[in-house]
């Protein structure tokens, strides 16, 4: 039994309202009043009130007092290089991952020295040594802790990490696993006005989440998972390394693809466990954006309150990529008075890939 015995999250001390964020983006993406009106409409449609951002425009970065995203010199200015952005990633991923992991270990009521396996998740930066080794030093963890990194898989990375954790627990009955996802999406703010860049700039945010798992029954137990890659959908969603940060492409077809492919494979999978869609008491859905949540709600014929926690996380924090699904799960556990289990967690990413997990009490 893969029991989740500790769960915690950490977000930036800096938040920026969606209105402030839109005003900031106008300097980099608009050259006319019409373009400003279009951008305002886009930001309103995200249903985000504020976002967790490690540095907002009004904040200076580092000791130099120079803004990390200076105003563009001309139309060819694309902002900080990828190398410069990776320096910032390393600093802030270290900070947030330590905060989330310390809280998760405290929630599990264990000592950090009991951790035998560390699984880290991230798609917004690279460093070696990375925040996994920073966690070993700062928590601290034993020098023989087994480390595994789930890298560059996108918003569903935590779902893949949970599957890896279950495998470790099956192979090592005495294992105690710390899983930590950390993303600094804001460092990939893009200068310019391509539709994909405008959408990404309007949605993404920063955060970290961690869980502790071991082979014992708990309030939350990881029961099973499934993965589905939609055929011929390579270009529906992508996340690529560029010269000035990482860039995202997101086809408007993604919600339709989710509506078409999610119900049949999910129903077949749940049936293997003697369950139907109507038997699921809670849904921890990664809030990739309001249209993603609408597609899940519509295609599965869910009641509006079934995705309430996902919408709340999107509104309060923004899309933090891989940790976000654990923010939603935390909100379900702390806020719901009605039965919480069975619970299905869902996340989506490049592929187009759909990842699902079944959580039981």
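Numbering (this note's numbering), first residue to last: 42 to 402. For every residue, glycine included, the Cβ atom is placed at its ideal position computed from N, Cα and C. Everything numeric in this text was worked out from a predicted model, so none of it was measured.
If you draw a straight line from the Cα of residue 374 to the Cα of residue 112, it comes to about 43 Å.
Our two residues, residue 392 and residue 261, have alpha carbons roughly 29 Å apart in a direct line. When the alpha-carbon of residue 304 is set against those of 143, 325, 341 and 81, the nearest one is in 341. For residue 358, no beta strand (DSSP E) encloses it; the enclosing alpha helix (DSSP H) starts and ends at 349-358.
Secondary structure note for residue 129: its alpha helix (DSSP H) is the uninterrupted segment 123-149.
With a cutoff of 8 Å on beta-carbon distance, residue 308 and residue 217 are scored as not near each other.
For residue 200, the enclosing alpha helix (DSSP H) stretches over residues 198-212.
Scanning the stretch 234-276 from its first residue to its last, the whole alpha helix (DSSP H) runs of 4-plus residues come out as 236-244. About 6 Å separates the CB atoms of residue 230 and residue 110; that is less than 8 Å, so the two are in contact.
In the structure shown, residue 295 adopts helical secondary structure according to DSSP, grouped into three states. As the crow flies, the alpha-carbon of residue 254 is around 9 Å from that of residue 207.
Here residue 180 is buried: its Cβ has 16 or more other Cβ atoms, across all protein chains shown, within 10 Å. Check the Cα spacing between residue 190 and each of 282, 183 and 158: the tightest is with 158. For residue 221, the beta-bridge partners assigned by DSSP are 161 and 251.
Distance from the CA of residue 131 to the CA of residue 249, rounded to the nearest whole angstrom, comes to 13 Å. The alpha-carbon of residue 252 is positioned some 9 Å away from that of residue 149. Within the DSSP secondary-structure output, residue 396 pairs in a beta bridge with 268 and 388.
Beyond the five residues adjoining it in sequence on each side, residue 369 comes within less than 6 Å, by CB distance, of 325, 350, 351 and 354 in the same chain, given in chain order. In the three-state reduction of the DSSP assignment, residue 85 falls in the helix class, which pools H, G and I. Annotation: the continuous alpha helix (DSSP H) that includes residue 375 extends over 365-376.
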